[in-house]
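Enquirer:
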Amino acid sequence: MQIFVRGVSGKTMSWEVERNETVKSVKAKIEEKEGVSMEDQRLIYGGKQLEDEFTLAHYQISHESTMEVVGRLRGGGYGKLNYPPTLLALAQKYNQHKMICRKCYARLPKKATNCRKKKCGHSNELREKKLFQVKNL
Numbered sequence: 001m002q003i004f005v006r007g008v009s010g011k012t013m014s015w016e017v018e019r020n021e022t023v024k025s026v027k028a029k030i031e032e033k034e035g036v037s038m039e040d041q042r043l044i045y046g047g048k049q050l051e052d053e054f055t056l057a058h059y060q061i062s063h064e065s066t067m068e069v070v071g072r073l074r075g076g077g078y079g080k081l082n083y084p085p086t087l088l089a090l091a092q093k094y095n096q097h098k099m100i101c102r103k104c105y106a107r108l109p110k111k112a113t114n115c116r117k118k119k120c121g122h123s124n125e126l127r128e129k130k131l132f133q134v135k136n137l
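Note that the UniProt record's numbering has the sequence shown beginning at 1, numbered continuously upward.
1) Let me know the secondary structure DSSP gives residue 94 once reduced to three states.
2) Counting C-beta neighbours from all protein chains within 10 Å, is the total for residue 118 16 or more, i.e. buried, or is it exposed?
3) Quick one: what's residue 101 bridged to in DSSP?
4) Would you identify the three-state DSSP class for residue 12, choosing helix, strand or coil?
5) Pop quiz: residue 52 and residue 29 are said to be a contact at Cβ under 8 Å. What is the actual Cβ separation, rounded to whole angstroms?
6) Please list, in chain order, all residues of the same chain as residue 114 whose beta carbon is under 6 Å from its beta carbon, the five residues on each side excluded.
7) By the three-class DSSP mapping on this structure, what secondary structure does residue 17 have?
8) Hey, could you find the ends of the beta strand (DSSP E) residue 30 is sitting in?
9) Kindly indicate the opening and closing residues of the beta strand (DSSP E) around residue 116.
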């Protein structure tokens, strides 16, 4: 059967495929022709992203159907943090080991029992500040 794939560049290409082919094999063909790696491709059909392990028949892709290839967005997280352990300990001491007022969100010393701000009425509703986590990649 013949399917159409609208590439990242915007032009539409036609492919001759079988209904029992996997999405991964279609991505491999696109990689050969377009030069976009399989990891960076997302195939969209009918508003849904196609998973690699399923076949075209599973998604009910028929003769002369049109799919779209879009790039995968990379992002999220902080990336690799390479701080020396002494610097991390110092940052945790001055920035993390604190108490937070639940009413006015003031940052208070670790041993505080009441808030120092007048606007919350020197509230005694305090919590510990959440610690940031360092990811070792």
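Note that beta-carbon positions come from the ideal geometry of N, C-alpha and C, so glycine has one too.
Expert: For this structure:
1) The residue you call residue 94 lines up with position 94 of the sequence shown. The answer is helix: DSSP assigns residue 94 an H, G or I state.
2) Working through the sequence shown from its first residue, we reach residue 118 at position 118. So residue 118 counts as exposed.
3) Locating residue 101 in the sequence shown gives position 101, counting from the first residue. Answer is 126.
4) As a first step, residue 12 is located in the sequence shown; it is residue number 12 there, counting from the start. In the three-state reduction of the DSSP assignment, residue 12 falls in the strand class, which pools E and B.
5) Within the sequence shown, numbered from 1, the residue matching residue 52 stands at position 52. Within the sequence shown, numbered from 1, the residue matching residue 29 stands at position 29. No, residue 52 and residue 29 are not in contact; Cβ-Cβ is about 13 Å, not under 8 Å.
6) Counting from one through the sequence shown, the residue named residue 114 turns up at place 114. Non-local C-beta neighbours of residue 114 in its own chain, meaning closer than 6 Å and more than five positions away in sequence, comprise 122 and 124, ordered along the chain.
7) Position 17 of the sequence shown, counting from 1, holds the residue named residue 17. In this structure, residue 17 counts as coil in the three-state DSSP scheme.
8) For the purposes of this step, residue 30 is identified with residue 30 of the sequence shown, where counting begins at 1. Careful: residue 30 lies outside any beta strand (DSSP E), inside the alpha helix (DSSP H) at 23–34.
9) Taking the first residue of the sequence shown as position 1, residue 116 is located at position 116. Counting along the chain, no beta strand (DSSP E) covers residue 116, and no H or E run does either.
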